[in-house]
Amino acid sequence: MTELGAFVPTLLCVALLVALTVAALRGFKAPHSTAPALAILRGAVQLALISFILSGVITNPVFVAVALLVMFTVAAATAARRIGWSWTHLGLVSASMAAGIAATLAIIFATGAIPFTPRYALAIGGIVIGNAMTIATLGGRRFAESVNARWEEVEGWLALGATPRQSTLELARGAVYSALIPSTDQTKTTGLVTLPGAFVGAIFGGISPLEAGRFQIIVLAAIMAAGSITAVITVAALAPVRVRPDRPR
Numbered sequence: 001m002t003e004l005g006a007f008v009p010t011l012l013c014v015a016l017l018v019a020l021t022v023a024a025l026r027g028f029k030a031p032h033s034t035a036p037a038l039a040i041l042r043g044a045v046q047l048a049l050i051s052f053i054l055s056g057v058i059t060n061p062v063f064v065a066v067a068l069l070v071m072f073t074v075a076a077a078t079a080a081r082r083i084g085w086s087w088t089h090l091g092l093v094s095a096s097m098a099a100g101i102a103a104t105l106a107i108i109f110a111t112g113a114i115p116f117t118p119r120y121a122l123a124i125g126g127i128v129i130g131n132a133m134t135i136a137t138l139g140g141r142r143f144a145e146s147v148n149a150r151w152e153e154v155e156g157w158l159a160l161g162a163t164p165r166q167s168t169l170e171l172a173r174g175a176v177y178s179a180l181i182p183s184t185d186q187t188k189t190t191g192l193v194t195l196p197g198a199f200v201g202a203i204f205g206g207i208s209p210l211e212a213g214r215f216q217i218i219v220l221a222a223i224m225a226a227g228s229i230t231a232v233i234t235v236a237a238l239a240p241v242r243v244r245p246d247r248p249r
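Per our numbering, the very first residue in the sequence shown carries number 1; after that it's consecutive.
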C-alpha cells in the first residue's frame, strides 16, 4: 500500500465519525451542533502541520522551546476566551497556568523521574499544558455559573458585611473541585476503564509496558498537580466579585 493509500482508511474513518457527531447533535437540536466537527477538522489540519514541523526539529532544544511557547500561548488564549475574553483574564489564566506547569515540570525533571531532553520536554510539556488549559476553563466557567445561579445569596452576604472574597468562598471551592473531576476520574479509572494516550503511545513506540506505565503515572500526577495549582489560582483571582459576572458562552 502506498503512503497516500494508507491514509484513505483514516480519512474515511474520520469523515464518518464527524458525520456521526453532527447527526447526533443536530438530531437532539443541540446549540452549535457543528462546533465539535469543526474542531476535529481544525485539529486534523493542525496535527498534520505540527507533525511535519516537529519531524525535523524534535531534538533541537530551541525549536522545542518555541513549540511549547506557542502551545502555551494558544492554550491560555483559548481558556481566557471560554471564561470571558479580556486582557485581564488572559493575564490571569496565563499566570495561573504558568505557575502550575512550571512547578510540575521542575519537580519532574529535577528528580530525574524523566530525563530532561527536548523530546521528553515536548511530550510531557504538551500534555500538561493541554490539561491545565481545560482545568482553567472548567474552573472559571463553573465559578461564573455558580455565582450567577446563587447571586441572591452572594448579595445577602455582601449586605451583611462580608468581603467580596468571603461572599463567594464556598462557591469558589466548589468550582475548583468541579474543575478537577474529569482529571480525577480519569486517574482513578486508568487501567480499568481507559488506557491513556501516553501509555498506549509509549508501547507503540517500543517501550515495555512496565516502563510505559511508569511514564504514564508521572503524567497523571503531573496533570493533577498542575491542574490543582491552575484551578486554585484562577478561581481565587476571580472570586472577589462586587457585581454579577457575565454568563460564560
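In this text, a Cβ means the ideal position worked out from N, Cα and C, and glycines have one as well.
Residue i to residue j span [Cα, whole Å]
| i | j | result |
| --- | --- | --- |
| Gln216 | Glu145 | 33 Å |
| Asn261 | Asp246 | The requested residue 261 does not occur in the structure, where the chain is confined to residues 1 to 249. |
| Thr88 | Thr73 | 15 Å |
| Arg150 | Leu92 | 24 Å |
| Val66 | Ala77 | 17 Å |
| Val62 | Ser96 | 24 Å |
| Trp157 | Ala237 | 19 Å |
| Ala172 | Ala239 | 6 Å |
| Leu12 | Thr21 | 14 Å |
| Leu25 | Arg82 | 21 Å |
| Val64 | Val70 | 10 Å |
| Gln166 | Ala106 | 33 Å |
| Ala222 | Arg42 | 27 Å |
| Val129 | Ile101 | Here residue 129 is Ile; the residue named in the question, Val, does not match the sequence. Near 7 Å, if we compare the C-alpha coordinates of Ile101 and Ile129. |
| Ala30 | Leu16 | 19 Å |
| Gly112 | Ser51 | 27 Å |
Proximity of residue i and residue j at Cβ, strictly below 7 Å
| i | j | result |
| --- | --- | --- |
| Gly125 | Leu68 | yes |
| Gly139 | Ala175 | yes |
| Thr59 | Pro118 | yes |
| Ile40 | Val18 | yes |
| Val154 | Thr163 | no |
| Thr137 | Ala75 | no |
| Ile135 | Ala179 | yes |
Spatial neighbours of residue i in its chain, beta-carbon cut-off 8 Å, leaving aside the 5 residues before and after
| i | result |
| --- | --- |
| Ala99 | Ile229, Thr230, Ile233 |
Cβ shell of residue i (< 6 Å), same chain only, five flanking positions each side left out
| i | result |
| --- | --- |
| Ser94 | Ala76 |
Cut-off 7 Å between Cβ atoms - residues of its own chain near residue i, not counting five sequence neighbours on either side
| i | result |
| --- | --- |
| Thr34 | Val22 |
Please give the ranges of any alpha helix (DSSP H) in the segment 80-128, keeping only runs that are unbroken, at least 4 residues long and fully inside the region. List check, alpha helix (DSSP H) in window: 87-110.
What runs of the alpha helix (DSSP H), each 4 residues or longer, lie entirely inside the segment 173-220? Runs found: 197-204.
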